[in-house]
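So the sequence lines, in the order shown, correspond to chains A and B. No gaps in the numbering here: position 60 of the first sequence is 60 in the working numbering, and each next residue is one more. No gaps in the numbering here: position 204 of the second sequence is 1204 in the working numbering, and each next residue is one more. Report on the following structure.
Protein chains: 2
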Amino acid sequence: MFKSRWLLFFVFQSGHKMAKKTTPRPDISTEEKIKEAARKVFTQKGYSATRTRDIATAAGINLALLNYYFRSKQKLFEIIMVEKMQNFFGILIPILDDLTTSLDSKVEHISSNYIDLILANPDLPFFILGEARNNPELIFKVAQRKDFLMNSVFMKQIREKKPELDPLQFLISLLGMCVFPFVMKPVLISMTHMAEPAFKQMMLERKILVPVWLKAILKTKPVIHSR
Amino acid sequence: MFKSRWLLFFVFQSGHKMAKKTTPRPDISTEEKIKEAARKVFTQKGYSATRTRDIATAAGINLALLNYYFRSKQKLFEIIMVEKMQNFFGILIPILDDLTTSLDSKVEHISSNYIDLILANPDLPFFILGEARNNPELIFKVAQRKDFLMNSVFMKQIREKKPELDPLQFLISLLGMCVFPFVMKPVLISMTHMAEPAFKQMMLERKILVPVWLKAILKTKPVIHSR
DNA sequence: AAAATATTTAATCATTTGATTAAACAGAAG
DNA sequence: CTTCTGTTTAATCAAATGATTAAATATTTT
Chain A
1 MFKSRWLLFF VFQSGHKMAK KTTPRPDIST EEKIKEAARK VFTQKGYSAT RTRDIATAAG
61 INLALLNYYF RSKQKLFEII MVEKMQNFFG ILIPILDDLT TSLDSKVEHI SSNYIDLILA
121 NPDLPFFILG EARNNPELIF KVAQRKDFLM NSVFMKQIRE KKPELDPLQF LISLLGMCVF
181 PFVMKPVLIS MTHMAEPAFK QMMLERKILV PVWLKAILKT KPVIHSR
Chain B
1001 MFKSRWLLFF VFQSGHKMAK KTTPRPDIST EEKIKEAARK VFTQKGYSAT RTRDIATAAG
1061 INLALLNYYF RSKQKLFEII MVEKMQNFFG ILIPILDDLT TSLDSKVEHI SSNYIDLILA
1121 NPDLPFFILG EARNNPELIF KVAQRKDFLM NSVFMKQIRE KKPELDPLQF LISLLGMCVF
1181 PFVMKPVLIS MTHMAEPAFK QMMLERKILV PVWLKAILKT KPVIHSR
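In structure tokens form, the structure reads like this:
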């Protein structure tokens, strides 16, 4: 058993599960139970506050199975992290690079889709933004090329409509409008009487507000920056 | 020695340093060296990723001195956290509640002061927003009352100027415009060719853009939300 | 059914980590 | 100088934590 695990490891060091050499068809669920628990615990508490025992308990499995299926906490984490980055950026990329839609339409889509996405996964943005600080190379891996963003259709459309404006300023503002309220939620709840339902209602209203406000921003008179 | 420490602990359990009973006047610097190192390490890595040994090394002191002066990692953390929250919110509160300034002027002040503050302490916002998730009660302690924010002069001025708008939507947008770029910085740097100097330049330009844009937002036509 | 292979478990390891202790050291008080 | 008190150090502790192992159980293959 010891031998077979390591042999396989050297053959496929795919970072993937290393069991199931020939045909065996187990539950399929154990591995998925661990991943599901890992999604929950990692996104909630972040990498370094997460204990492998938390994941094992949440998954209802023996601790050793985590290492059996995923080799290490780090390897399991990377799988979840990549998955979550795809959730987070995957929704953005296609909209930004759509040749068939107007700038206004893109703003509407991003606002609406992003807010819905995060309402359904409230810990997602903070998790991504936090772990991006420790694993910048992982972010880079998901964003294929460093010039995709600046060369996207969206950015071109902004340059066309408002040439004096750094289009990155606009994109950051748009994302901030959608994402920041979630990042700030705990502070907000501690400092006001707002609770979960009111927060959700506010975010639903924001889906309408953000496009209106960003259109207004695009109509402002040029601001010239001194150098 | 053992005895005197504990006696003092029960007399002043102020969470403060417990040495220096009679007169001795040491370096004064050891305690401060630890705090300074703790500021750096905690804000950079967060509570759970921080090792007391990291702090001791950064401070150039023996590990035991950390516990000698501050009892525990947790106690030291709370001191730093409160300090940092005062940095972060202390600049905001007086502006928000200033009876003598206009709404536009408040927006300008917040934009300018906040961006300058965070440029000088780039890890501050993420630290605060992150630890707020684990210690909501600490946030509440610094924000004196839960109704301060919603009753502030700033909020009244927004209600007056744009009665149909939830003033919280506006405040969150303003803060997001200033703070979110810093929260997002690592992602930004991984996904574009932007480096530190360009980021700083962008934030300086933002000090001008944010007030212009937020004034434009205040001039938009009312949006009525269906219920 | 027997053999081979895969999965699961309980026990255990080695390291890390927050914290403590006892002794050495330093400076002020008597 | 000696004593007292506060500071610093090196060694050590106990608990937590990521990981491994060997044995057990289950499943597939022959």
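A virtual CB, placed ideally from N, CA and C, is assigned to each residue, including glycine. Just so we're clear, the structure is a prediction, and the values are computed from it rather than from any experiment.
Got a sec: does the ligand SAH put a non-hydrogen atom nearer than 7 angstroms to the Cβ of Glu-1083/B?
In the structure on display, the ligand SAH does not appear, and there are no ligands present to speak of.
At a CB distance below 8 angstroms, what residues from the stretch 1073-1093 of chain B approach chain A? Give them in sequence order.
Near chain A, meaning a CB-to-CB distance below 8 angstroms, no residue of the stretch 1073-1093 of chain B qualifies.
Coarse secondary structure for Gly-1176/B, derived from DSSP in three states
Of the three classes helix, strand and coil, the one that applies to Gly-1176/B here is helix, per DSSP.
In the DSSP assignment, find the alpha helix (DSSP H) that holds Glu-1160/B and state where it starts and stops.
1153-1161
Determine the burial state of Leu-948/B: buried for a count of at least 16 other Cβ atoms within 10 Å of its Cβ, exposed for fewer.
Absent from the structure is residue 948/B, since the part of chain B shown begins at 1001 and ends at 1227.
Less than 8 angstroms between CB atoms is the rule here; does Gln-157/A satisfy it with respect to chain B?
no
Neighbour list for Ala-1049/B in chain A, Cβ cutoff strictly below 9 angstroms:
Within chain A, the residues whose beta carbon sits less than 9 angstroms from that of Ala-1049/B are Gly-46, Tyr-47, Ser-48, Ala-49 and Asn-134, listed in sequence order.
With a threshold of 16 other CB atoms inside 10 Å of the CB of Gln-74/A, please say whether the residue is buried or exposed.
exposed
Which runs of the alpha helix (DSSP H) at least 4 residues long sit entirely within the stretch 106-156 of chain A? Give them in chain order.
The stretch 106-156 of chain A is shown to contain whole alpha helix (DSSP H) runs of 4 or more residues at 124-134 and 136-142, in chain order.
So, are the CB atoms of Ile-1061/B and Ile-1093/B less than 8 angstroms apart?
no
With contact counted as at least three CB pairs below 8 angstroms, one residue from each stretch, are the stretch 112-127 of chain A and the stretch 213-224 of chain A in contact?
no
Taking the alpha-carbon positions, what's the Glu-1078/B to Thr-192/A distance?
22 angstroms
Within 8 angstroms, do at least three Cβ pairs link the stretch 1190-1209 of chain B to the stretch 193-201 of chain A?
In short, these stretches do not touch, since the Cβ pair count stays below three.
Tell me whether Ile-189/A is buried or exposed, calling it buried when 16 or more other Cβ atoms sit within 10 Å of its Cβ.
buried
Just verifying my parser: in three-state terms, what is the DSSP assignment at Met-1194/B?
coil
Just tell me which of Leu-165/A, Pro-122/A and Ala-49/A has its CA closest to the CA of Val-179/A.
Distances from the CA of Val-179/A to each of Leu-165/A, Pro-122/A and Ala-49/A were compared; the closest alpha carbon is that of Pro-122/A.
Taking Cβ-Cβ distances shorter than 8 angstroms, what residues in chain A pair up with Pro-1186/B?
Neighbourhood of Pro-1186/B in chain A, by CB distance below 8 angstroms: Leu-129, Ala-132, Arg-133, Pro-136 and Ile-139, in chain order.
Consult DSSP for Asp-1054/B and reduce its assignment to one of helix, strand or coil.
helix
Could one say the Cβ of Asp-166/A lies closer than 8 angstroms to chain B's Cβ atoms, at least one of them?
yes
Return the first residue and the last residue of the alpha helix (DSSP H) that Gly-1090/B is part of.
Run containing Gly-1090/B: 1073-1090, per the alpha helix (DSSP H) assignment.
Would you kindly work out how many angstroms separate the C-alpha atoms of Phe-1088/B and Val-1183/B, rounded to a whole number?
Each residue's Cα considered, the two are about 14 angstroms apart.
Which whole-angstrom value is the C-beta distance of Gln-169/A and Arg-1206/B, which I expect to be below 8 angstroms?
7 angstroms
Which stretch, first to last residue, makes up the alpha helix (DSSP H) that contains Glu-1164/B?
Neither: Glu-1164/B is in no alpha helix (DSSP H) and is coded neither H nor E.
Out of curiosity, what's the CA-to-CA distance linking Leu-242/A and Arg-1159/B?
Missing from the structure shown is residue 242/A; chain A here goes from 1 to 227 and no further.
Going by beta carbon distance, what residues of the same chain come within less than 6 angstroms of Ile-139/A, once the five residues before and after it are set aside?
Ala-132
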